[in-house]
Amino acid sequence: MDSKAELQFEYLPFIRTYKSGLVERLCGTDIIPATTDPAAGVVSKDVIIDSDTGITARLFLPTSARHLRNKLPIVVYYHGGGFCIGSPYCPPYHFFVSSLVARANVIAVSVDYRLAPEHPLPIAYDDSLRALQWVASHAKGGHEEWLANLADFEHLFLAGDSAGANIAHRMAFLHPFFWGTQPVGLETRDAGVRAGIEGLWQLVCAGRMGTDDECVNPP
C-alpha cells in the first residue's frame with residue numbers, strides 16, 4: 001500500500017491521520033464570518049493575538065454595551081474538539097458563545113489555539129496562556145478597545161468544553177477534565193471507548209505524555 005494513503009490513526013467521526021503526515025479532519029472545519037447578530041443583540045469581530053504563531057480569537061460584545069454605565073465581565077472561552085478539531089469560527093462555537101454573551105451580558109474572548117497533531121501538546125496550553133496574557137494586558141489600557149474600554153477585569157472567568165475544559169483547568173483549575181490509566185468514579189470502563197480516547201491523547205501530545213500525566217490526570 002502507498003504510504004501516502006496508509007492509515008496511521010482513526011477516531012471516527014472526528015479525525016484520520018496517515019503515515020505520510022496527512023491529517024484529515026472530518027468535522028469542525030466549517031467557518032462563518034464575524035458579524036452583527038441583531039436578533040441576539042451581539043456583535044463579533046476577529047483579532048490577531050500573536051502574528052508570529054498565528055494565535056487569533058473571536059471577540060463577542062453585547063450591542064448594548066456602549067450604552068451601559070457599568071463595564072462588563074469577561075469570559076475567556078476555550079473550544080473543545082479533542083485538541084485536534086474545531087475553532088471559534090465554526091458555527092457551533094460561534095453561535096454558542098454568541099448565545100452565552102447575550103444571556104449573561106458579558107464580553108467573550110473565544111480563543112483559536114493551534115491544533116494537534118501538527119502542533120502537539122503542550123502547544124495548545126502555551127497558546128491558551130498567551131491569549132489569556134493578551135486579554136489581561138488590557139486591564140490598564142491597550143489597543144483592543146472592547147477590552148480596554150468596556151471590560152471589567154475584576155470579574156474575569158475561564159470556561160471551555162471537552163478539551164477546552166481541560167485547557168481552562170490548566171489555566172486556572174476550573175472545571176477540569178480528568179483521565180488516567182485506572183478509571184475512577186463514573187468514568188467509562190468500556191474498553192473500546194477508553195482505547196479511542198487514550199489513542200487520541202497519544203496522537204495530540206505526540207506520545208510525549210502518558211495518560212497519567214498531570215495535564216490530564218492531576219495529583
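At position 65 of the sequence shown (counting the first as 1) the number is 65 in full-length UniProt numbering, and the numbers step up by one without a gap. All residues carry an ideal CB built from backbone N, CA and C; glycine is no exception. Being a predicted model, the structure only gives us computed values, none of them experimental.
- Just measuring C-alpha positions, the residue of G207, D212, E198 and R208 sitting nearest Y11 is E198.
- The alpha carbon of D127 has as its nearest neighbour, out of D112, H138 and A40, the alpha carbon of D112.
- With respect to the C-alpha of D46, the residue from A39, D52 and T56 having the closest C-alpha is T56.
- The beta carbon of R16 lies closer than 6 Å to those of E10 and E24 in the same chain, with the five residues before and after it left out.
- Secondary-structure assignment with DSSP links I107 through a beta bridge to I74.
- Looking at the DSSP output, A57 shares a beta bridge with V47 and V111.
- Residue environment: V135 is assigned as buried (16 or more neighbouring CB atoms within 10 Å of its CB, all protein chains considered).
- The continuous alpha helix (DSSP H) containing Q133 extends over residues I123 to A136.
- Annotated as distal: G141 and T181, with beta-carbon spacing of 9 Å or more.
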